[in-house]
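Under the working numbering, the first residue of the first sequence is numbered 3, with each subsequent residue one higher. Notes for the one structure printed next.
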Amino acid sequence: MSHDDFPTDHPAVVTCGLPYANGDLHVGHLRTYVAGDALSRGLRRIGQQTAFVCGSDMHGTPVAVNAAEDGVEPREFAMEYHETYAETFPQFNVEFDNYGHTDDETNTELTQEFVRSWVDEGHVHEKEIEVAWDTEEDQPLPDRFVEGTCPYCGEQARGDECDEGCQRHLEPGDIEDPVSTITGNPAEYRTREHKFLRLADFQAYLQGFLDRIEGTDNAKNQPREWVEGELQDLCITRDMDWGIDYPGEDGDAEDLVLYVWVDAPIEYVASTKQYSERVGAEEYDWERVWTFDGERRHDTEWDDEWTTEGGDIVHVIGRDIIQHHAVFWPAMLRGAGYNEPRSILATGFVGIDGKALSTSRNRAVWAEEYLDAGFHPDLFRYYIATGAGLETDVDFSWDRFAERVNGELVGNVGNFINRALLFAHRNYDGTPDADVSEDVRDRIEETLAAFEAAVREYDVRTLAELSTELSNYGNEYIQRTEPWHLLDEDPEEAAQVIRDCVQLAKAVAVVMQPVLPGKAERLWGQLGEAGSVADVSLDTALEAPPETFDEPDQLFEQVEDDHIAELNEELQDRVEEASDDEDDDADEADVDLEPLETDRISFEDFEGVDMRVGEIVTAESVEDADKLLKLEVDIGHEVRQVVAGLAELHDVEELPGTRVILLANMEQATIFGVESNGMVLAAGDEADLLTTHEDAPLGTRVQ
RNA sequence: AGCGGGAUGGGAUAGCCAGGAGAUUCCGGCGGGCUCAUAACCCGCAGAUCGGUAGUUCAAAUCUACCUCCCGCUACCA
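Pasting the structure below:
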């Protein structure tokens, strides 16, 4: 079963992953929000009724922990970031129809409705689990309040995930040797009753869901593995105050709040609902999107079948939260009788100099920083949208930013608009009286078709490039026809050419609008058009522009080299600092190092170890063994035959002549049928061979 | 180790899902043109065995298998 092409006869909603309220926004976040914003504008442009919603993610232990450190209430702490986000997004022309937060009333009510629904349908059960407890503070330690050892891989783990080792999601009670992050004391486990959502109930459903989901490959492929394996119960409650209360009755679980990943995605629904309530259900009805025309469906046959009675839900997220959106979230929706997502678009990460952003090391380009530099938001939008495909990881670079802005927006688009409109204004006071030529009309229609196709394929990159391509065509057209000559030679032809160019300019305004909304609006004004370009349909690109308009001013301004050099230098300094930090860390604690042996040995014991300087004379591989080499090592007195596990790491041809250290009185052994009389010393898994740096004669004892 | 993503002229990228002349756009190099325009614009040239090996096919950048190398997941986090 496949989805209808956009525009569909149901409303759509585009959501962006909720920003978590404990840090500033950077270019990595913005990539996701720009993509979501451009897509929602594109959908609207092709006639799809669309809401674009988001909100701040307020709950969870990191906020509680950070608030406690700052000595403020979690709500106050989170609200501050929430307000910053709400102000920052519009500055990048990211305009949500509704921007709420997870701690508001709508979300609280809706979340509790979801949970009650799961309980009613029998998807929730209670289990006693061991919960880490801080004895000094006499309080439970949920998620990030506890650190310890991962039970699966033995690496350091914190809270609900094994972040240093195997990346597994950890359930409460899994962590071994727990330590409280509040007091630093060892924590003890106590038995508590918690609520669990039985994800296994949805296994068949989720497999079907993954077959029909649209979106980026990473979002479609990565969850498959999780859903094909056994789905563990998801613990949906936590022992803490900050969060939405578990909707228990008669004292049931009354001191529990819901896990942050329960109420966070429900904010997508809540935010849509708020929008719907604000504009009225006539204008936009949230229930036609998230439910089945107002109905919650719990029928079980639904597992294999599927229905298009709901609206089209499009999630734009970062690729770190694919699991939550492609596995937990659809199960949550299904359990509550709600509609499912149509598509999940997971954006790649933004890095700097080939490395991931590091907010704590300040190796990042911040939203604030970009705005302070004084660039128009649309320039960033264009750069980040065209730099690479949606799911590819990219590097942010001021140089490339300048290249694209100057080369494509200024030189190509801006210059075409300017020369076309200036020529038109000077010679005709506006749009010349002539019909658009067939070629130009065809070219515009082609672009409009490509626009529709790009939106349907969620291809923001192509969407962004359409305006450049059309301007490029315009520049060639002007050059080819040379209207400045035609003015005298063939005035009628000149009017025709300029008429075409003005039409092209108008078409550029219409197609550039999703990615460059601010600039499109301004161009719209330059064309003498009334109203907003955001409100017109695609076909408007083919309608005649106003007869008169004023002299245009420059749509895009050149980014100055000096300015870029400055920004580069600033960024480079920070990158270097961040790298230094990392090197320090590596020196201090290389996680791969084996612990030092604490048992000391006596000097006599050491004297019993006879190590000699030797030189490899011959090396050949041992039959049937992948890793083993048979070596002959000259240690002065004699030539020893030794078997060593070097085959995978060293080239057999290059070993002869290499000076090594041989443990000469190693007990004799026969390995793969070959006698071994010693041991070649090497460091680590890479078998870094020990050698001498001066010319100690062969057979010299190492002491 | 595991998982995901990637490797395409000098640099950055598109094309791959739905195989059909080796290829898109931007920057850079070389040569020319134009002068309406933001030292912009237009035309032409040079430059790549599409990471490697094998396979499927009439046909492979594209599909399959294996391999090599890079990046992320290691603190917050899109």
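All C-beta atoms, glycine included, are put in the ideal place defined by N, C-alpha and C. For clarity, every value in this text was computed on a predicted model and none was experimentally measured.
Out of the options, point me to the one whose CA is closest to residue i's CA.
i	options	result
GLY127	ALA621, GLU195, PHE147, LEU411	The identity of residue 127 in the sequence shown is His, whereas the question assumes Gly. Residue GLU195 is the option with its Cα nearest to HIS127.
GLY62	HIS28, ALA543, LEU260	LEU260
ALA404	GLU289, LEU335, GLU568, TRP368	GLU568
ASN408	LEU544, GLN560, SER278, ARG336	GLN560
LEU525	ALA511, SER278, ASP537, ALA536	ALA511
TYR460	GLU216, PRO249, GLU297, ASP395	GLU216
TYR372	ILE315, GLU75, PHE91, ALA80	PHE91
GLU285	ARG443, GLN51, SER469	GLN51
GLU251	LEU424, ASP314, ASP537, GLN114	GLN114
VAL29	VAL281, PRO547, VAL538, GLU370	GLU370
GLY376	SER473, GLU562, ALA283, GLY73	GLU562
ALA426	ALA348, ALA455, LEU489	LEU489
VAL513	GLU448, HIS565, PRO485	GLU448
ARG661	ASP636, VAL645, VAL644	ASP636
ASP235	PHE211, TRP263, ASP203, MET242	ASP203
GLU97	GLU71, ASN68, TYR35	TYR35
PRO267	ALA283, ARG280, PRO343, PHE211	PRO343
ASP395	ILE419, ALA23, ARG33	ARG33
VAL352	GLU232, LEU465, HIS31, PRO379	HIS31
PHE147	SER439, ARG421, ASN68	ASN68
Residue i and residue j: beta carbons closer than 8 Å?
i	j	result
HIS732	GLY701	Beyond the ends of the chain as shown, which are 3 and 705, falls residue 732; an answer cannot be given.
ARG402	ASN95	no
LEU557	LYS508	no
PRO13	ALA40	no
VAL462	LEU392	yes
VAL577	ARG365	yes
ARG446	ALA358	For the sequence presented, residue 446 should be read as Ile rather than Arg. The answer is no: Cβ separation not under 8 Å.
HIS125	GLY339	no
VAL704	ARG642	no
LEU450	LEU540	yes
THR620	PRO658	yes
ALA66	TRP228	no
VAL55	ASP26	no
THR349	GLY320	yes
GLY356	ASP397	yes
SER58	THR104	yes
ILE346	ALA221	yes
ARG192	GLU132	yes
PRO21	TYR101	no
PRO249	ARG77	no
Which residues in the same chain as residue i place their Cβ atom closer than 6 Å to its Cβ, once the five residues preceding and following it in sequence are excluded?
i	result
ARG43	PRO516
GLY38	VAL16, CYS18, VAL318
THR151	GLU178, ASP179
LEU683	ILE663, LEU692
MET334	none
ARG458	ASP7, PHE8
GLU579	none
PRO699	none
GLY296	GLU289
ALA591	Reliability fails at ALA591, whose pLDDT of 35 lies under 50, so the model's placement of it is uncertain and the value that follows must be treated cautiously. Same-chain partners within the cutoff: there are none.
Output needed for residue i: all residues of its chain with C-beta closer than 8 Å, excluding positions within five of it in sequence on either side, in chain order.
i	result
LEU573	ILE354, VAL367, TRP400
GLU467	THR388
GLU599	In this prediction, GLU599 scores a pLDDT of 48, lower than 50, which makes its location untrustworthy; the coordinate-derived value is nonetheless stated afterwards. Excluding residues within five positions, none has a Cβ falling inside 8 Å.
LEU472	ARG445, ILE446, THR449, LEU506, ALA509, VAL510, VAL513
ARG47	PHE453, VAL457, VAL512, GLN515, PRO516, SER539, LEU540
In its own chain, which residues sit with a C-beta less than 7 Å from the C-beta of residue i, not counting the 5 before and 5 after it?
i	result
TYR247	Before going further, note that residue 247 is Asp rather than Tyr in the sequence given. Counting only Cβ-Cβ distances below 7 Å, and skipping sequence neighbours, we find VAL259.
ASP136	LEU143, SER182, ILE184, THR185, ASN187, ALA189
THR483	VAL499
GLN528	LEU423, PHE551, PRO554
THR293	GLY312, TYR340, ASN341
PRO485	PHE425, ALA496, VAL499, ILE500
Would the beta-carbon of residue i be found less than 7 Å away from any heavy atom of the ligand FAD?
i	result
ALA496	Among the ligands in the structure shown, none appear at all, so the ligand FAD cannot be discussed.
Next item on the list: May I ask you to verify whether the stretch 197 to 215 touches the stretch 317 to 336, counting CB pairs closer than 8 Å and requiring at least 3?
Entry: Segment contact: the stretch 197 to 215 against the stretch 317 to 336, three or more CB-CB distances shorter than 8 Å; contact assigned.
Notebook entry, point to check: So does the stretch 264 to 275 actually touch the stretch 3 to 20, counting three or more Cβ pairs closer than 8 Å?
Noted result: yes
Notebook entry, point to check: Between the stretch 426 to 436 and the stretch 496 to 505, do three or more beta carbon pairs fall short of 8 Å?
Noted result: In the pairwise beta carbon analysis, the stretch 426 to 436 is classified as touching the stretch 496 to 505: at least three pairs are separated by under 8 Å.
Item checked: alpha helix (DSSP H) runs contained entirely in the stretch 340 to 377, provided each spans 4 or more residues -> Taking only runs of at least 4 residues, the alpha helix (DSSP H) segments lying wholly in the stretch 340 to 377 are 369 to 374.
Notebook entry, point to check: With a cut-off of 8 Å, do at least 3 Cβ pairs link the stretch 532 to 542 to the stretch 377 to 395?
Noted result: Contact fails between the stretch 532 to 542 and the stretch 377 to 395, because fewer than three Cβ pairs, one in each stretch, are under 8 Å apart.
Check: Which ranges would you report for the alpha helix (DSSP H) in the stretch 75 to 156 if only whole runs of at least 4 residues count?
Finding: 76 to 93, 107 to 122
Margin query: I'd like the ranges of any alpha helix (DSSP H) spanning at least 4 consecutive residues and lying wholly in the stretch 277 to 341.
Written below: 289 to 292, 331 to 337
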